[in-house]
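Asker: Let me give you the structure first, and then I'll get to my questions.
Numbering (the working numbering), first residue to last: 2 to 218.
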């Protein structure tokens, strides 16, 4: 046990050990009911720093999809990632860095990051149906097919996005996508909800301008 503790506070692992502290505190506060845990309403916007589309936004959304953070609560995914990263780094240092070399420790951390991201994807994947069921139970609202709204993420494409639908009382933020073969819709595009995929809980939308026939001269 002493050896594990000494390794956990060694320079090669200490940053990750410290990272476990806020993660543990977050879950402790939620367990005690002190912190409001609003899992399923996280608004993940892929806008760049200027509020518009960016290559960074595309990369960010792609990374979220890779680790299943678009279907499973983001904080849960991050918790799994941090724990796996810490564990892989610990094991890597035990096996390959007995001398506690800084260079070797840095390489181990880099390899551990890649390995932990891949492992997080597969560890979290079996939980996707469970959280989709929770989301479905949480989204008890009047039918929205046929209603109009606005794109609230940087875009809505064939795989992901969010739209805001005006409802009586408060607007609804829905996970949405466009139909296969349809162009992506940028932020603030006015859309109409045309269908609902019951298996994924995602709504199909299209631009209102595509629904308005051209005026004849």
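Glycine residues also receive a C-beta, built at the ideal position from the N, C-alpha and C atoms. Just so it is clear, the structure is predicted and the values come from calculations on it, not from any experiment.
So, with DSSP's three-state summary, where would you put residue 174?
Answerer: To locate residue 174, count along the chain shown from 1; it is residue 173. Correct three-state label for residue 174: strand.
Asker: Could you check if residue 3 is buried or exposed, using at least 16 other CB atoms within 10 Å of its CB as the buried criterion?
Answerer: Counted from its first residue, the chain shown places residue 3 at position 2. Residue 3 comes out exposed.
Asker: Among residues of its own chain, excluding the 5 on either side of residue 21, which ones have a beta-carbon nearer than 8 Å to its beta-carbon?
Answerer: Taking the first residue of the chain shown as 1, we reach residue 21 at position 20. Result list for residue 21: 83, 84 and 87, in chain order.
Asker: Which residue's Cα is closest to the Cα of residue 80: 161, 28, 99 and 162?
Answerer: Along the chain shown, one-based indexing puts residue 80 at 79. Considering only alpha carbons, the answer is 28.
Asker: Spatial neighbours of residue 178 within its chain, please: C-beta separation below 7 Å, excluding the five flanking residues on both sides.
Answerer: Here residue 178 corresponds to residue number 177 of the chain shown, with the count starting at 1. Cβ neighbours of residue 178 beyond the five flanking positions: 157, 158, 159, 160, 161, 162, 203 and 205.
Asker: Just to confirm the assignment, what range does the alpha helix (DSSP H) spanning residue 207 have?
Answerer: Looking up residue 207 in the chain shown gives position 206. First-last for residue 207: 203 to 208, but that is the beta strand (DSSP E), not the alpha helix (DSSP H).
Asker: Could you pull out every residue in the same chain whose Cβ sits closer than 6 Å to the Cβ of residue 89, ignoring the five residues on either side in sequence?
Answerer: Indexing the chain shown from 1 puts residue 89 at position 88. Taken in chain order, the residues that qualify are 113, 116 and 117.
Asker: Report yes or no: do the region 119 to 130 and the region 91 to 105 share at least 3 C-beta pairs separated by less than 8 Å?
Answerer: No: fewer than three Cβ pairs fall under 8 Å.
Asker: What does residue 165 pair with, by DSSP beta-bridge criteria?
Answerer: As a working note, residue 165 is residue 164 in the chain shown. Answer by DSSP bridge pairing, in chain order: 151 and 174.
Asker: In this structure, does DSSP put residue 10 in helix, strand or coil?
Answerer: For the purposes of this step, residue 10 is taken as the residue at position 9 of the chain shown. The answer is coil: DSSP assigns residue 10 none of H, G, I, E or B.
Asker: Compute the Euclidean distance between the alpha carbons of residue 11 and residue 107, then round it to the nearest angstrom.
Answerer: Residue mapping note: residue 11 aligns to position 10 of the chain shown, counting from 1. Residue mapping note: residue 107 aligns to position 106 of the chain shown, counting from 1. One C-alpha to the other measures close to 12 Å.
Asker: What residues in its chain sit with their C-beta under 7 Å from that of residue 1, if we drop five residues either side in the sequence?
Answerer: The chain is shown only over 2 to 218; residue 1 falls outside these bounds and no answer can be derived.
Asker: To the nearest angstrom, report how far apart residue 7 and residue 102 are at their CA atoms.
Answerer: Taking the chain shown and counting its residues from 1, the one referred to as residue 7 is at position 6. Taking the chain shown and counting its residues from 1, the one referred to as residue 102 is at position 101. If I take the Cα positions, the gap works out to 15 Å.
Asker: Let's test the definition: count the other Cβ atoms within 10 Å of the Cβ of residue 154 and tell me whether it reaches 16, buried, or not, exposed.
Answerer: Locating residue 154 in the chain shown gives position 153, counting from the first residue. So residue 154 counts as buried.
Asker: DSSP puts residue 191 in a beta bridge; with which residues?
Answerer: Locating residue 191 in the chain shown gives position 190, where the first residue counts as 1. According to DSSP, which records beta bridges pairwise, residue 191 is partnered with 151.
Asker: Just mark residue 16 as buried or exposed, buried being the case when its beta carbon has 16 or more other beta carbons within 10 Å.
Answerer: Within the chain shown, the letter at position 15 stands for residue 16. Exposed, since its Cβ has fewer than 16 Cβ neighbours within 10 Å.
Asker: Considering only the alpha carbon of each residue, which of 165, 183, 168 and 130 lies closest to residue 199?
Answerer: The sequence position of residue 199 within the chain shown is 198, counting from 1. Of 165, 183, 168 and 130, the residue nearest in Cα terms is 130.
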